[in-house]
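Residue numbers (the working numbering): 327 to 756.
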């Protein structure tokens, strides 16, 4: 079974407290539009493995030089926030023109040729219709896609999206997407569009568990010779469903105890299904996380469960803790981290303890470049080694000490800071 990882915010706990099941939206149908075409390929009949797309022009007037739907990489499907480009490796569904051909998401806005049909205008009312999509066995259906669109606001040259739950017999509007921005300034037909994303909420239950769900993308042009590129381009089209998470998390907290110099982590669950174990992870910067502890889950439970873990050697300053849940199938959920601030500056931690051939020492420095002196003292008070330390970072720093020549026993670690503070810690040598 393919393993899946979800990242969800702890705000889901508010939903849980309200009696709602938390879940993750998971794609089950994806259209890449990857037909291998460089330019000029009609969207009608395109089939990338999901079934054939079709064009429906029956909803309104299409003049002699109407805009048309293409599928090609003349407009490449780029990441959200990226500028439009020509051919890469990601074809898109997009509106081009009859007069100019397929230049990507670039259209002919018209000639003021008169009412449609004029015989010489660009009046357009066209729809690209998806193949049938099966949602059998799935619920909580939603739709997501990346897109470019500008045209002419508000309702002259524009795109929209509909969905159908009966194979296309009737349609319901999903969205009139907002205009996307252009790179380098206002859209003026000379600047590239900037890719955006639309993700719907959960559709009505009529979209659940059916074999004839469809989507269609529409475009209208009123032939008024006014409007700016980009026209309308779509990539990375996904239909998703709601996967209920195996754990209903009620809370997750991490609190620093100055008296004990530890961080106490606690969480509780309302229900658990197929839950194998939890992993508590920590990070000094909120970016790179390492494993702190692994705690066995309850498997299946419908009563409130309480869990705890302790960080005996917390980072100085502000650090981050997060929870990862893994079920018996190997699928996992990562919850957003919580921040903890260690306000006590007289903190040093030693590990491993007992030590072998070396020890690591975490210590707090109030500023970068501050000087300290580190000494190892035996129980008779004799200083065995002493060395200067120059902090690399403001906050937590780490140094490594060779202890291979120390005899087995108990030792005192002394840190003298430039500010006159002296801190002691004890460690054992095996």
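For each residue, glycine too, the CB sits at the ideal point set by N, CA and C.
I'd like to confirm the pairing. Which residues does DSSP put opposite residue i in its beta bridges?
{"i": "residue 464", "result": "For residue 464, which the question treats as bridged, DSSP gives no partner whatsoever."}
{"i": "residue 725", "result": "687"}
{"i": "residue 512", "result": "Note: residue 512 sits in no beta bridge, so no partner."}
{"i": "residue 357", "result": "563"}
{"i": "residue 643", "result": "668"}
{"i": "residue 294", "result": "Here the chain has residues from 327 to 756 only, and residue 294 is not among them."}
{"i": "residue 540", "result": "490"}
{"i": "residue 350", "result": "569"}
{"i": "residue 748", "result": "742"}
{"i": "residue 506", "result": "Residue 506 pairs with nothing; no bridge assigned."}
{"i": "residue 525", "result": "470"}
{"i": "residue 766", "result": "The chain is shown from 327 up to 756; residue 766 falls before or after that span and cannot be answered."}
{"i": "residue 681", "result": "755"}
Helix, strand or coil, according to DSSP, for residue i in the structure here?
{"i": "residue 532", "result": "helix"}
{"i": "residue 635", "result": "strand"}
{"i": "residue 548", "result": "coil"}
{"i": "residue 409", "result": "strand"}
{"i": "residue 654", "result": "coil"}
{"i": "residue 395", "result": "strand"}
{"i": "residue 382", "result": "strand"}
{"i": "residue 376", "result": "coil"}
{"i": "residue 369", "result": "coil"}
{"i": "residue 424", "result": "coil"}
{"i": "residue 648", "result": "strand"}
{"i": "residue 630", "result": "coil"}
{"i": "residue 716", "result": "strand"}
{"i": "residue 754", "result": "strand"}
{"i": "residue 400", "result": "coil"}
{"i": "residue 362", "result": "coil"}
{"i": "residue 697", "result": "strand"}
{"i": "residue 737", "result": "strand"}
For residue i, count the other beta carbons within 10 Å of its own beta carbon; 16 or more makes it buried, fewer makes it exposed. Which is it?
{"i": "residue 402", "result": "buried"}
{"i": "residue 584", "result": "exposed"}
{"i": "residue 344", "result": "Its pLDDT being 33, under 50, residue 344 is placed unreliably by the model, and the measurement read from it follows with that caveat. Result: exposed."}
{"i": "residue 480", "result": "exposed"}
{"i": "residue 570", "result": "exposed"}
{"i": "residue 389", "result": "buried"}
{"i": "residue 369", "result": "buried"}
{"i": "residue 347", "result": "Model confidence at residue 347 stands at a pLDDT of 42, short of 50, so the residue's coordinates are unreliable and nothing is read from them."}
{"i": "residue 487", "result": "buried"}
{"i": "residue 622", "result": "exposed"}
{"i": "residue 713", "result": "exposed"}
{"i": "residue 578", "result": "buried"}
{"i": "residue 663", "result": "buried"}
{"i": "residue 731", "result": "exposed"}
{"i": "residue 518", "result": "buried"}
{"i": "residue 476", "result": "buried"}
{"i": "residue 655", "result": "exposed"}
{"i": "residue 542", "result": "buried"}
{"i": "residue 629", "result": "exposed"}
{"i": "residue 682", "result": "exposed"}
Round the Cβ separation of residue i and residue j to the nearest angstrom and send it over; I've been treating them as touching at under 8 Å.
{"i": "residue 722", "j": "residue 642", "result": "4 Å"}
{"i": "residue 455", "j": "residue 557", "result": "About 18 Å; that fails the 8 Å criterion."}
{"i": "residue 560", "j": "residue 418", "result": "6 Å"}
{"i": "residue 640", "j": "residue 582", "result": "6 Å"}
{"i": "residue 514", "j": "residue 406", "result": "Their Cβ separation, rounded to whole angstroms, is 22 Å, which puts residue 514 and residue 406 out of contact at 8 Å."}
{"i": "residue 399", "j": "residue 449", "result": "The Cβ separation is near 28 Å, so there is no contact."}
{"i": "residue 447", "j": "residue 436", "result": "6 Å"}
{"i": "residue 615", "j": "residue 648", "result": "6 Å"}
{"i": "residue 415", "j": "residue 521", "result": "Not quite, the Cβ-Cβ distance comes to about 15 Å (not below 8 Å), so this is no contact."}
{"i": "residue 532", "j": "residue 491", "result": "4 Å"}
{"i": "residue 361", "j": "residue 374", "result": "6 Å"}
Regarding residue i and the ligand SAH, is the C-beta to nearest heavy atom distance less than 6 Å?
{"i": "residue 594", "result": "Absence of the ligand SAH from the depicted structure is noted, as is the absence of any ligand whatsoever, leaving it without description."}
Should residue i be flagged as near chain B, meaning a C-beta pair shorter than 7 Å?
{"i": "residue 517", "result": "The structure shown has no chain B; it contains just one protein chain."}
Starting from the N-terminal side, write out each stretch of the beta strand (DSSP E) that is 3 residues or longer and does not extend beyond the stretch 553–628.
Qualifying beta strand (DSSP E) stretches, in chain order: 554–570, 573–583, 588–609 and 616–627.
Mind listing, in chain order, the continuous beta strand (DSSP E) runs of no fewer than 3 residues lying wholly within the stretch 431–504?
If we require 3 residues or more, the beta strand (DSSP E) runs fully inside the stretch 431–504 come out as 450–455, 468–477, 484–490 and 498–501.
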